[in-house]
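Here is the structure we will look at.
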Amino acid sequence: MKKTFSIIFAFIAIALTSCSSDDDNAVQPSSLAEITDFSLTFNNVNESDINYDLGTNITVSVPFGTSLEDIIPNIAISEGATITPASGEQVDFVDGEAKTFTVTAEDGTEKEYTVTVNVRGEVGSGTKLKTYTVVDLFFGTSVKTYSYNEANFVSEISEEIDGTETTVSSFVYDDKNQVIALQVEAKNEETTYTYEDGKIVGAETTIDDNLVFTYEYIYNENGDLAIERRIDHTDDDDLSENKFVYENGNVIEENQYGLVSTAEYDDKNNPFIELYPSAYAAINVGIQSVNQNNPISGTLADDTIPYEYNEDGYPVSASYSYYDGAATVDKTFTYYAE
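Start counting the sequence shown at 1; every next residue gets the next number (the numbering used here).
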């Protein structure tokens with residue numbers, strides 16, 4: 001009898017040892033919850049223009065103007081893990097705001113990563129107009145001198161009238177290199193700008209802190225300024241409008257407060273468009289201001305305007321008459337060496 005119990009206990013011990021060995025050899029669920037590779041696909045942005053700083057807090061830098069909607073994340077993670085939002089699933093980002101991605105390991109362990117997309121500030125082309133001189137028989141002599149900031153946009157315009165009076169206009173920029181205010185110190189004048197979806201939609205001008213003008217900017221389907229509405233608060237809130245018609249990026253007709261002007265253009269470079277960020281350039285269009293090219297005929301002059309150009313295709317001088325020869329204009333342009 002004693003021998004029988006010994007045999008039974010031996011079998012039990014072997015069985016327990018066998019179970020323990022099976023438990024030791026079983027594959028345990030992984031606790032790894034890592035992002036091993038990460039990238040984002042943006043619409044109309046080259047991979048070479050996207051900068052990454054990877055880690056638990058991932059930061060991504062993209063060029064100015066990049067859309068942050070419908071972005072595709074491309075993510076590799078630990079084997080057996082899952083991630084939310086999923087790789088390949090469209091997501092939207094907000095400039096400078098972190099979005100959380102959660103990796104869940106096989107054993108349920110979670111690890112959170114934050115992804116922040118920063119849109120870089122707009123940068124100018126570097127082609128810089130230095131001075132713009134207009135000698136007009138009727139309106140005298142104006143000499144404008146331009147200074148620039150590190151982003152290659154104009155920071156200050158100094159205008160001398162007839163060699164005696166000088167007015168300095170200073171531009172105030174935000175962290176995206178967008179103009180948010182224009183200040184004329186001598187007049188204690190300031191114009192501030194309101195943006196929506198990357199465009200300037202309104203502005204207010206004050207003098208001595210008193211509201212003088214309110215502006216509204218309306219754009220056509222191509223994103224060009226179609227109407228500028230101005231309310232004059234010094235004249236019973238009088239409403240006036242500027243209207244623009246375009247062809248090939250140039251204003252071919254301008255209705256400026258009831259006075260209609262027209263123009264045709266050359267195929268050379270306009271020096272004014274590169275002074276400003278794109279949103280500010282869009283509200284400074286006009287036959288004698290921002291365009292793609294330079295006006296050579298129309299109501300501006302009696303005949304075709306003869307320009308001289310530099311080797312880069314920018315105007316350096318032009319002379320013409322208007323009012324049937326009653327008045328003459330001489331223009332000269334100088335540029336900073338790059």
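Even glycine gets a Cβ: it sits at the ideal position worked out from N, Cα and C.
Note that the structure is a prediction, hence the values are computed from the model and not measured.
Discussion item. Need the endpoints of the alpha helix (DSSP H) that A279 sits in, please.
Written reply: 278-282
Fill in: Backbone CA spacing between D330 and Y323 [nearest angstrom]
15 Å
Discussion item. Assuming D37 is part of the beta strand (DSSP E), what are its boundary residues?
Written reply: Run containing D37: 35-41, per the beta strand (DSSP E) assignment.
Worksheet item: Where S155 and Y52 are concerned, what is the direct C-alpha to C-alpha distance, given to the nearest angstrom?
Response: 31 Å
Fill in: Integer-rounded CB distance, given that S31 should sit under 8 Å from D92
So it is not a contact: roughly 31 Å between Cβ atoms.
Worksheet item: Going by alpha carbons, who is nearest to T41 out of I83, Q28, I75?
Response: Restricting attention to I83, Q28, I75, the CA atom closest to the CA of T41 is found in I75.
Practice prompt. Evaluate the contact criterion for the stretch 276-286 versus the stretch 193-201: three or more CB pairs, one atom per stretch, below 8 Å.
Written response: yes
Worksheet item: Should the stretch 219-231 be regarded as contacting the stretch 260-276, the criterion being three or more beta carbon pairs within less than 8 Å?
Response: The stretch 219-231 is not in contact with the stretch 260-276.
Worksheet item: What residues match up with N51 in a beta bridge as DSSP calls it?
Response: S61
Worksheet item: Once you ignore the five residues that flank F272 on each side, which residues in its own chain have a CB closer than 6 Å to its CB?
Response: The answer, listed in chain order, is S289, V290.
Worksheet item: Considering D228, what are the terminal residues of the beta strand (DSSP E) in which it resides?
Response: For the sequence presented, residue 228 should be read as Glu rather than Asp. Residues 225-232.
Worksheet item: For I200, does the three-state DSSP call read helix, strand or coil?
Response: Here I200 sits in strand by DSSP.
Worksheet entry | Endpoints, the beta strand (DSSP E) within which G298 is located | Element bounds for G298: 295-298.
Item to complete: Leaving aside the five residues before and after N149 along the sequence, list all residues of the same chain whose C-beta is less than 6 Å from its C-beta, in chain order.
Response: Counting only Cβ-Cβ distances below 6 Å, and skipping sequence neighbours, we find S155.
Worksheet item: From I14 to V27, what distance separates their C-alpha atoms?
Response: Because I14 sits at a pLDDT of 47, beneath the cut-off of 50, its placement in the model cannot be relied upon, and the point is left open.
Fill in: Cut-off 6 Å between Cβ atoms - residues of its own chain near D37, not counting five sequence neighbours on either side
A76
Worksheet item: Can you tell me where the beta strand (DSSP E) with L211 in it begins and where it stops?
Response: 210-219
Practice prompt. Give the secondary structure of V103 by DSSP, where H, G and I count as helix, E and B as strand, and everything else as coil.
Written response: strand
Worksheet item: In whole angstroms, what is the alpha-carbon distance linking A10 and A105?
Response: At A10, the pLDDT of 46 sits below 50, so the modelled position is not reliable; the number obtained from the coordinates is stated separately. For A10 and A105, the distance between alpha carbons rounds to 41 Å.
Fill in: Classification of D175 by the beta-carbon crowding that lies within 10 angstroms, buried from 16 upward
exposed
Worksheet item: What first and last residue would you give for the beta strand (DSSP E) that runs through K130?
Response: 129-136
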